[in-house]
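Colleague: What follows is a single structure, and I will ask about it in a moment.
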Amino acid sequence: MKKPILFKLIVFVWLLFKPINGYATIAPVKPDYEKNYSEFKSIQLNNPGSVLLKGEIVGINHGEILINPLTDNSNDFFRLKLIRETKLYCNGTVSEWAALTPVAPEAYFEAQVLMNRETEAIAVNAFYYGEECIVNRSYQNQGQLFLELISAHSGETFVSPLTKEARLPLNEGWMQTGQAVYVLFSDKNSIRGVYIPD
Numbered sequence: 001m002k003k004p005i006l007f008k009l010i011v012f013v014w015l016l017f018k019p020i021n022g023y024a025t026i027a028p029v030k031p032d033y034e035k036n037y038s039e040f041k042s043i044q045l046n047n048p049g050s051v052l053l054k055g056e057i058v059g060i061n062h063g064e065i066l067i068n069p070l071t072d073n074s075n076d077f078f079r080l081k082l083i084r085e086t087k088l089y090c091n092g093t094v095s096e097w098a099a100l101t102p103v104a105p106e107a108y109f110e111a112q113v114l115m116n117r118e119t120e121a122i123a124v125n126a127f128y129y130g131e132e133c134i135v136n137r138s139y140q141n142q143g144q145l146f147l148e149l150i151s152a153h154s155g156e157t158f159v160s161p162l163t164k165e166a167r168l169p170l171n172e173g174w175m176q177t178g179q180a181v182y183v184l185f186s187d188k189n190s191i192r193g194v195y196i197p198d
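Position 157 (the sequence shown) corresponds to 157 in my numbering; numbering is contiguous.
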């Protein structure tokens with residue numbers, strides 16, 4: 001047997017029987033919003049004068065990050081520089097900038113960003129939590145829209161309010177009982193986005 005073939009056979013057998021630690025799942029995995037809280041707070045305390053921004057990451061690359069602070073002025077974006085020292089976190093875990101790109105069109109990561117006086121991002125603490133659901137009903141309570149949803153994964157029924165900035169489908173038919181939707185949640189368990197699956 002030739003050496004390259006023997007080597008490929010050994011690698012194949014090794015991969016076949018190698019123990020796998022896979023974390024892929026169809027179940028929604030809620031991020032631990034407190035996991036890196038003390039580390040993020042420490043970065044903030046060690047950078048006096050830093051400003052904490054909250055919003056969605058609507059754009060990111062190796063050199064900059066664009067934050068929508070979700071204010072009434074939709075043109076009010078913050079463009080910050082990413083530097084080598086910028087600490088990036090995704091769902092409480094140290095990460096890379098590429099992991100914080102939108103998962104789908106307009107399905108952005110929610111984030112807290114520490115900015116210094118030079119408009120550089122010192123730290124980015126980003127979260128993404130969503131789940132496929134079935135609309136059971138929608139209703140208003142004291143001027144706020146609520147959705148009663150059924151988890152497509154667990155079958156559990158739950159109620160969540162929508163944030164006033166929530167991204168919603170243009171067609172109001174999405175609120176009909178039985179409609180399948182993908183829901184994005186905020187760190188306060190409010191709905192910040194509703195999408196109709198393709």
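For glycine and all other residues, C-beta sits at the position ideal for the given N, C-alpha and C. Small disclaimer: the values here were computed from a predicted structure and weren't measured.
Is F109 helix, strand or coil by DSSP?
Modeller: Counting from 1 along the sequence shown, the entry for residue 109 is found at position 109. Reduced to three states, the DSSP call for F109 is strand.
Colleague: Within the same chain, show all residues whose beta-carbon is closer than 7 Å to that of N47, passing over the 5 residues directly before and after it, in chain order.
Modeller: Start at 1 with the first residue of the sequence shown, and residue 47 comes out as number 47. Once the five neighbours on either side are set aside, the close Cβ partners of N47 are L114, N116, I122.
Colleague: Just the C-alpha distance for S38 and V181, rounded to the nearest angstrom, thanks.
Modeller: Residue mapping note: residue 38 aligns to position 38 of the sequence shown, counting from 1. Residue mapping note: residue 181 aligns to position 181 of the sequence shown, counting from 1. Cα-Cα distance, rounded: 35 Å.
Colleague: Taking contact to mean 3 or more Cβ pairs, one atom from each stretch, closer than 8 Å, check whether the region 149–165 and the region 77–95 are in contact.
Modeller: Verdict: no, contact absent.
Colleague: Could you compute how far the alpha carbon of S50 sits from the alpha carbon of K188?
Modeller: What you label residue 50 is simply residue 50 of the sequence shown in a count that begins at 1. What you label residue 188 is simply residue 188 of the sequence shown in a count that begins at 1. The alpha-carbon atoms of S50 and K188 are separated by roughly 24 Å.
Colleague: In chain order, which continuous runs of the beta strand (DSSP E) of length 3 or greater are located wholly inside the region 48–132?
Modeller: Counting whole runs of 3 or more residues, the region 48–132 contains the beta strand (DSSP E) stretches 51–60, 64–68, 78–90, 109–115, 120–127.
Colleague: Going along the chain, which residues of its own chain have a beta-carbon closer than 7 Å to the beta-carbon of I196, five neighbours each way excluded?
Modeller: For the purposes of this step, residue 196 is taken as residue 196 along the sequence shown, with counting starting at 1. Result list for I196: P169, W174, V181, in chain order.
Colleague: Could you check the C-alpha separation between F185 and L162 for me, to the nearest Å?
Modeller: Along the sequence shown, read from residue 1 onward, the residue named residue 185 stands at position 185. Along the sequence shown, read from residue 1 onward, the residue named residue 162 stands at position 162. Those two C-alpha atoms are separated by around 9 Å.
Colleague: Looking at L70 and F77, is the spacing between their C-beta atoms short of 8 Å?
Modeller: Numbered from 1 along the sequence shown, position 77 holds the residue referred to as residue 77. Numbered from 1 along the sequence shown, position 70 holds the residue referred to as residue 70. Contact flag unset, no.
Colleague: What's the call for V250, buried or exposed, on a 16-neighbour Cβ count within 10 Å?
Modeller: Residue 250 lies beyond the residue range present for the chain, which begins at 1 and ends at 198; the question has no answer from this structure.
Colleague: What do you get for S160, buried or exposed, if any count of 16 or more other CB atoms within 10 angstroms of its CB means buried?
Modeller: By one-based count along the sequence shown, residue 160 stands at place 160. Buried, by the Cβ-count rule.
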